[in-house]
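*Asks:* Let me begin by handing over the structure; questions about it come next.
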Amino acid sequence: MNDLKVIVMDVDGTLTNSKKVITEKTKETLMKAQELGYTLILASGRPTTGLVGFAKELEMDKHNGLLVSYNGSQVVDFTKNEILFNEPLTVVEAKSILRHIKQFDITPMIDDGKHIYVENLDGLNVEYEASGGNFILEQVEDLEEFITFETNKILTSGSPEYLQTIFNQMKDPFNNELSCVFTAPFYVEYTAKGIDKAKALETILKPMGYTRDQIIAFGDGHNDITMLKYAGVAVAMDNAVQDLKDVADFITLSNEEDGIAHALEKYIVQLNVDKKVSALV
Numbered sequence: 001m002n003d004l005k006v007i008v009m010d011v012d013g014t015l016t017n018s019k020k021v022i023t024e025k026t027k028e029t030l031m032k033a034q035e036l037g038y039t040l041i042l043a044s045g046r047p048t049t050g051l052v053g054f055a056k057e058l059e060m061d062k063h064n065g066l067l068v069s070y071n072g073s074q075v076v077d078f079t080k081n082e083i084l085f086n087e088p089l090t091v092v093e094a095k096s097i098l099r100h101i102k103q104f105d106i107t108p109m110i111d112d113g114k115h116i117y118v119e120n121l122d123g124l125n126v127e128y129e130a131s132g133g134n135f136i137l138e139q140v141e142d143l144e145e146f147i148t149f150e151t152n153k154i155l156t157s158g159s160p161e162y163l164q165t166i167f168n169q170m171k172d173p174f175n176n177e178l179s180c181v182f183t184a185p186f187y188v189e190y191t192a193k194g195i196d197k198a199k200a201l202e203t204i205l206k207p208m209g210y211t212r213d214q215i216i217a218f219g220d221g222h223n224d225i226t227m228l229k230y231a232g233v234a235v236a237m238d239n240a241v242q243d244l245k246d247v248a249d250f251i252t253l254s255n256e257e258d259g260i261a262h263a264l265e266k267y268i269v270q271l272n273v274d275k276k277v278s279a280l281v
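Each residue of the sequence shown is one higher than the one before, starting from 1 at the first, in our numbering.
The following block contains the structure:
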């Protein structure tokens, strides 16, 4: 346990509570962990621009923090503002996906790093995604015809019940070509083949000299399963989906109850030592 050096966290449902806020205890614990020499990594389906605010709040720029965004298709060194890994969908792949999903009652969204483009401004979670990603929202008539640039993912939103019924139809034509996963009950996302959070971690951390045994990872959703399987210590939030809990080494408290802080105090001895010393002073 004492060999842990890297703390990897999903954001929504894991690092943040239902108000999309990092609670004070969790923040204090993560700041202390960085002071002790631990590296923080935010690993999310969010775009990179949607992670920057949280990274700044945690002062990750002062501690060589990393951002794994778009479900693992891009990795950024937050201190150097340098892209370490990037594997977007090609224009041909994106057009093929957008053509295929026209048959479904869902809302597709694509971004170019600054703008998020949709066909329907009233689509489910459109405003939320524009705001959360710090994007300029733009409406276009036909995304398939519009897209002329590589994009890191295609996000689709819909009612959870409906997405469950059509998910296999959405992904099956691309099983050998692309990745297609649920990232929330109301989101299904497409990325390049083989892309996931585990691949991103393997790609960037191995050259840095880190081993899997030195990683503790936290998550709550289906797109966190590969990441938790990859990490030396796999922690599922109490609010996590059952499939993730099934692969976890430890189930911590929920994202509303400082679950990350609770688990870190269990696995990082020094955090508990300092806590006990403070209580005696």
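Ideal placement from N, C-alpha and C gives every residue a C-beta, glycine not left out.
(1) Determine the closest residue to residue 14 out of 257, 67, 271, with distance taken between C-alpha atoms.
(2) Give the single residue among 218, 83, 261, 244 whose Cα lies nearest to the Cα of residue 10.
(3) Helix, strand or coil for residue 222, going by three-state DSSP, please let me know.
(4) What separation, rounded to the nearest whole angstrom, lies between the Cα atoms of residue 27 and residue 33?
(5) For residue 155, which beta-bridge partners are listed by DSSP?
(6) Within the same chain, show all residues whose beta-carbon is closer than 6 angstroms to that of residue 126, passing over the 5 residues directly before and after it, in chain order.
(7) Taking three-plus beta-carbon pairs below 8 angstroms as touching, is the region 40 to 47 in contact with the region 67 to 80?
(8) Say whether the region 155 to 168 touches the region 56 to 67, bearing in mind that this needs 3 or more beta-carbon pairs closer than 8 angstroms, one atom from each stretch.
(9) Note the first and the last residue of the continuous beta strand (DSSP E) segment covering residue 115.
(10) DSSP three-state label for residue 204, please.
(11) Can you check whether the CB of residue 184 is closer than 8 angstroms to the CB of residue 87?
(12) Using 10 angstroms around the beta-carbon of residue 223, count the other beta-carbons present and answer buried if the total reaches 16, otherwise exposed.
(13) Classify residue 9 as helix, strand or coil using the three-state DSSP reduction.
(14) Could you check the C-alpha separation between residue 93 and residue 182 for me, to the nearest Å?
(15) Tell me the rounded alpha-carbon separation between residue 1 and residue 263.
*Replies:* Based on what the coordinates show:
(1) Checking every option, the nearest Cα to that of residue 14 belongs to 257.
(2) Considering only alpha carbons, the answer is 218.
(3) DSSP places residue 222 in helix when its eight states are reduced to three.
(4) Answer to the nearest angstrom: the Cα atoms are 10 angstroms apart.
(5) Answer is 109, 189.
(6) Sequence-distant partners of residue 126 (beyond 5 residues in either direction) whose C-beta falls short of 6 angstroms from its own C-beta, in its chain, are 118.
(7) Yes: at least three Cβ pairs fall under 8 angstroms.
(8) No: the two stretches stay apart, fewer than three of their Cβ pairs being nearer than 8 angstroms.
(9) 115 to 118 is the span of the beta strand (DSSP E), which, as asked, contains residue 115.
(10) If DSSP states are grouped into helix, strand and coil, residue 204 belongs with the helices.
(11) If you check the CB distance, residue 87 and residue 184 do not come in under 8 angstroms.
(12) Its Cβ being crowded by 16 or more others within 10 Å, residue 223 is buried.
(13) Residue 9: strand per DSSP, three-state reduction.
(14) Taking the straight line from one Cα to the other gives about 19 angstroms.
(15) Model confidence at residue 1 stands at a pLDDT of 45, short of 50, so the residue's coordinates are unreliable; what they give is reported in the following sentence. Annotation: residue 1 to residue 263 spans about 12 angstroms, alpha carbon to alpha carbon.
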